[in-house]
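K.L.:
Got a structure for you, questions after.
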Amino acid sequence: MDYLLAAFAWLADSSHWTGRSGIPNRLLQHLAVTSVVVSIAAVIALPIGILIGHTHRGSGVVGAIVGAARSIPTLGLLTLFGLGLGIGLRAPILALVVLAMPSLLAGAYAGIETVKPEVTDAARAIGLSEWQIVSRVEIPLSAPVIIGGIRSATLQVVSTATLAAYIADAGLGRFLFTGLKTRDYAQMVGGAIMVITLALILELILAGIQRLARRISHPQLLTTTMKRN
Amino acid sequence: MKWLSQNWEHVIGLMVNHLLLAIPAIVMSVIIAVPLGRLAQQKPWLGKPLLSFATLMYAVPSLPLLVIIPSVLGLPLRSSATMIVALTLYGVALMVRTAADGFASIDQGTHEAAIAIGHSRRSLFWKVNLPLAIPVLASGVRVVVVSTIALVTIGALLGQSSLGTLLTDGFQRGIVAEVLTGVVLTIVLAVLLDLLVVLAKNLLAPWVRSGRAAV
Amino acid sequence: MLKKLSIVMSVIVLAGVSALTGCTSNPDPSKPTIVIGSQGYYSSEIIAEIYAQALEKAGYAVDRQFRIGPREVYLPEIEAGRIDLFPEYSGPLLQYWQPGTTARLGDDVYAQLQQATPPGLRVLDQSAATDQDSYVVTQAFANQWGLVAVSDLAKVTTPLILGASSNALDRPNGPNGLLSVYGIEVGFTPIEDSGGPLTVKALKDGDIQLAIIYTANPSITANNLITLEDNKGLFLASHIVPLASDNVDEQAASIINAVSAAMGPGDLIGMNARSVNDQLPAQTIARDWLTEKGLI
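These protein sequences, in sequence, are chains V, D and E. Take the first sequence: its letter number 99 is residue 99 in the numbering used here, and every next letter is one higher. One rule links them: number in the numbering used here = place in the second sequence (from 1) + 1000. One rule links them: number in the numbering used here = place in the third sequence (from 1) + 2000.
Dropping the structure here:
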């Protein structure tokens, strides 16, 4: 418990809140890395996941890939990319994009797959094109699950983005590494508290968006009956 | 390949260490998460905060956790117990929601019919609810298995020997083959253990064959 | 389900463990088992492996606990008596126990280290081999500004960025020490690979101009890097010195002292090069060196 008290004392020290390596700047960097990573990963993973969910093809293969991809050690990936790309943010961003993909992909295809065939068949019967079925029927109906995927990906990236500080002068991870290596555990735990706080805020925002999406896509259902995510 | 041919004995040793850390953590995660999930599903007033706490737990960065756990439990910084406790915390955090979903997925009619034919509370859990929840629980176990196997590597930063050692050592010496070996074998271990879970699920719940990946 | 699974897995694991432990030479039961540790640094592992093989040759049973992260992690374990023998570096070890020490030269550091070592532990003879932090620049940069010694950095008019592990931030040889001892102001970029390939790459890419790299790191010569002479004594001498517990008896101590006496600075660089360039495992490098020196 001493560590926690010391960490709060560290956080309360106003000198840690200014300058290039102050808490606000590190927090912004962390947030920027997280949003860039989740955006890139979403642009790649969501269309693929939606396509698979819509065509019902390749979900077995993707299921296997998603499972295996979850087991890729981010530290290893970061090292490999670092050896190739050098210091700075490129290697960590690339490694984190790989980390974020499985949750996004799984959210997208599982979401689309859960749309009942009767619904899509009805849409087809009234003359909607395949593209219209995807964009006007399937995506809106599965939005809560897709957002659930974005939510878990974001959470993973926020906590793992601390590893970026292994080879870049960026993010809240700096407090963790500096604290570890200089035996300043108050700084280390203080940094961790900031990471958790950021995760909590993002989690609340995304949960709110998810609830909103659920209310729009399934207005007839009570929100409590939707257990998924 | 030259590197691997000279070091395969060392690599096998690290693989064993990796499993010795991961498997106890996976087993403990499941043993703790299943009853917690059951509790969360039965008592929503307790379940809601419990599930939110689990989500936040998952957001705790692993490095500080590995430093805080020893200070709280009075363990040395480098001990397999520290690593296993940390991995278990993450595993429980990952699994508890799926466990709650698993019990929620049981048809209410089946549940009531089981009570009607005279199951006690205890046998209701062991003979009806738990087996029926197995398909969903298994999907949760699979996620815990693969992510735990991957997380073990972080311990290398604190001197905890595992396949992660190949990552840090290969990095220092600039041997790409060594880092690659670490990455690939971690994935192989995860896939093999994952297959074992699927196999076990098919044995224990033969009525469902097609598993859908958990989100 | 879990029970079955865990039984299956424990069988696999046990099979693996027994396959691994079947390969030790026959130790003398009257001698203590010596637990040897090493840092999470390949060079430290090679030296620890040399200690281990030399002791095994004399009939000691050895328990290898290698690649234990940073000093913060392993030193408490040595102090608690869980590790008996550890290849250390005299300067950084002294600084761990006495952060404010003013000793810089090899013999002063060793003398103070003997004083600072807590009861129950002792340092054996120090070796001539050193592996110490040093400031390194690329050859092109050295030529451009005419750099030989650290004080020459004052001639550089463009901004200087130092790349090193974040522990340099609170050590005397980090940006603070550079400012207070040499009056030179530098920016700092943390790279956590302890002067490894990423640091070298960052130097060559021009992301940093100055790096802290260990003197026995073979990448210095491999990449034509220039080590700046520390003319004002910012860096502590850092000889290889074995840290031993009381469990290391007289005979074991004399074996290790013989190893330290035989090891020169060139030996260490040569062995590190075999590790990095030839990618050989520590066991092979240690065995070859001990054979060459006639120690086993």
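Yeah, the Cβ is synthetic: ideal placement off N, Cα and C, and Gly gets one too.
Let me confirm a value: residue 35 of chain V is counted as buried when at least 16 other C-beta atoms fall within 10 Å, else exposed. Which label applies?
P.N.:
Exposed, because fewer than 16 other Cβ atoms sit within 10 Å of the Cβ of residue 35 of chain V.
K.L.:
Taking just the CA atoms, how far does residue 66 of chain V sit from residue 72 of chain V?
P.N.:
Distance between the alpha carbons of residue 72 of chain V and residue 66 of chain V is about 10 Å.
K.L.:
Give me the DSSP bridge partner(s) of residue 2089 of chain E.
P.N.:
E/2240
K.L.:
Taking contact to mean at least 3 C-beta pairs separated by less than 8 Å, is the segment 2150–2168 of chain E in contact with the segment 2073–2087 of chain E?
P.N.:
no
K.L.:
Give the straight-line distance between the Cα atoms of residue 154 of chain V and residue 41 of chain V, rounded to the nearest whole angstrom.
P.N.:
Using only the alpha carbons, I get a separation of about 10 Å.
K.L.:
Using a Cβ-Cβ cutoff of less than 6 Å, which residues in the same chain neighbour residue 2139 of chain E once the five nearest sequence positions on both sides are dropped?
P.N.:
2224, 2226
K.L.:
By a C-beta neighbour count over all protein chains shown, 10 Å radius and 16 as the cutoff for buried, is residue 2057 of chain E buried or exposed?
P.N.:
exposed
K.L.:
Compute the Euclidean distance between the alpha carbons of residue 2205 of chain E and residue 2193 of chain E, then round it to the nearest angstrom.
P.N.:
16 Å
K.L.:
Look at the Cβ atom of residue 2046 of chain E, then the Cβ atom of residue 2084 of chain E, and state whether they are nearer than 9 Å.
P.N.:
no
K.L.:
Runs of 4 residues minimum, wholly inside the segment 1082–1163 of chain D: which ones carry the alpha helix (DSSP H) assignment?
P.N.:
1108–1116, 1130–1151
K.L.:
Out of D/1154, D/1153, D/1147, D/1099, state which residue places its alpha-carbon closest to the alpha-carbon of residue 1131 of chain D.
P.N.:
D/1099
K.L.:
From residue 2279 of chain E to residue 204 of chain V, what distance separates their C-alpha atoms?
P.N.:
49 Å
K.L.:
Residue 2297 of chain E and residue 2120 of chain E: beta carbons closer than 9 Å?
P.N.:
Nothing can be reported for residue 2297 of chain E: it is not among the residues displayed for chain E, which extend from 2001 to 2296.
K.L.:
Distance, Cα to Cα, residue 16 of chain V vs residue 2151 of chain E?
P.N.:
In this model, residue 16 of chain V and residue 2151 of chain E are separated by some 32 Å (Cα to Cα).
K.L.:
Mind listing the chain B neighbours of residue 1171 of chain D? Cutoff is C-beta to C-beta under 8 Å, in chain order.
P.N.:
The structure shown contains no chain B; its protein chains are V, D and E.
K.L.:
Compute the distance between the beta-carbons of residue 2282 of chain E and residue 2218 of chain E, then report whether it is under 9 Å.
P.N.:
no
K.L.:
Name the residues in the segment 1147–1161 of chain D whose C-beta lies less than 7 Å from a C-beta of chain E; which are they?
P.N.:
The segment 1147–1161 of chain D vs chain E, Cβ under 7 Å: 1157, 1158, 1159, 1161.
K.L.:
If residue 2093 of chain E and residue 2101 of chain E are in contact, beta carbons under 8 Å, what's the gap, nearest whole angstrom?
P.N.:
Between residue 2101 of chain E and residue 2093 of chain E the Cβ distance is about 11 Å, and since that is not below 8 Å, they are no contact.
K.L.:
Would you call the CB atoms of residue 1111 of chain D and residue 1136 of chain D closer than 9 Å?
P.N.:
no
K.L.:
For residue 2209 of chain E, tell me which candidate among E/2136, E/2069, E/2294 has the shortest Cα-Cα distance.
P.N.:
Its Cα nearest to that of residue 2209 of chain E, the residue E/2136 stands out among E/2136, E/2069, E/2294.
K.L.:
Could you confirm whether any beta carbon from chain D is found closer than 9 Å to the beta carbon of residue 2105 of chain E?
P.N.:
no
K.L.:
Taking the alpha carbon of residue 2031 of chain E as the reference point, which residue from E/2253, E/2171, E/2146 has its own alpha carbon closest?
P.N.:
E/2253
K.L.:
Pair every Cβ in the segment 45–58 of chain V with every Cβ in the segment 99–117 of chain V, then say whether three or more of these pairs are closer than 8 Å.
P.N.:
yes
K.L.:
Could you pull the start and end residues of the alpha helix (DSSP H) that residue 2189 of chain E belongs to?
P.N.:
Not the alpha helix (DSSP H): residue 2189 of chain E falls in the beta strand (DSSP E), residues 2187–2190.
K.L.:
Looking only at its own chain, which residues have a Cβ that is under 6 Å from the Cβ of residue 1009 of chain D, when we skip the five neighbours before and after it?
P.N.:
none
K.L.:
Could you tell me whether any Cβ in chain V is nearer than 9 Å to the Cβ of residue 1140 of chain D?
P.N.:
No, residue 1140 of chain D does not count as interfacial toward chain V.
K.L.:
Pairing CB atoms from the segment 52–63 of chain V with CB atoms from the segment 128–146 of chain V, are three or more of them under 8 Å?
P.N.:
Taking 8 Å as the limit for Cβ pairs, the verdict is that the segment 128–146 of chain V does touch the segment 52–63 of chain V.
K.L.:
Taking only three categories from DSSP, how would you classify residue 2121 of chain E?
P.N.:
Strand.
K.L.:
Beta-carbon of residue 2009 of chain E versus every beta-carbon of chain V: anything under 9 Å?
P.N.:
With a pLDDT of 45 at residue 2009 of chain E, under the threshold of 50, the modelled position of that residue is not reliable, and no figure is offered here.
K.L.:
Compare the Cα-Cα distances from residue 2203 of chain E to each of E/2142, E/2242, E/2237 and report the closest residue.
P.N.:
E/2142
K.L.:
If you reduce the DSSP assignment to three classes, tell me which class residue 39 of chain V lands in.
P.N.:
helix
K.L.:
For the segment 1006–1025 of chain D, which residues have a CB atom closer than 8 Å to at least one CB atom of chain E, in sequence order?
P.N.:
Result list: 1006, 1007, 1009, 1010, 1012, 1013, 1015, 1016, 1019, 1020, 1023.
K.L.:
Starting from residue 1184 of chain D, trace the alpha helix (DSSP H) both ways and give me its first and last residue.
P.N.:
1176–1204
K.L.:
With DSSP collapsed to three states, give me the class of residue 2082 of chain E.
P.N.:
coil
K.L.:
Could you confirm whether any beta carbon from chain V is found closer than 9 Å to the beta carbon of residue 1065 of chain D?
P.N.:
yes
K.L.:
Quick check: is the beta carbon of residue 11 of chain V nearer than 9 Å to any beta carbon in chain D?
P.N.:
no
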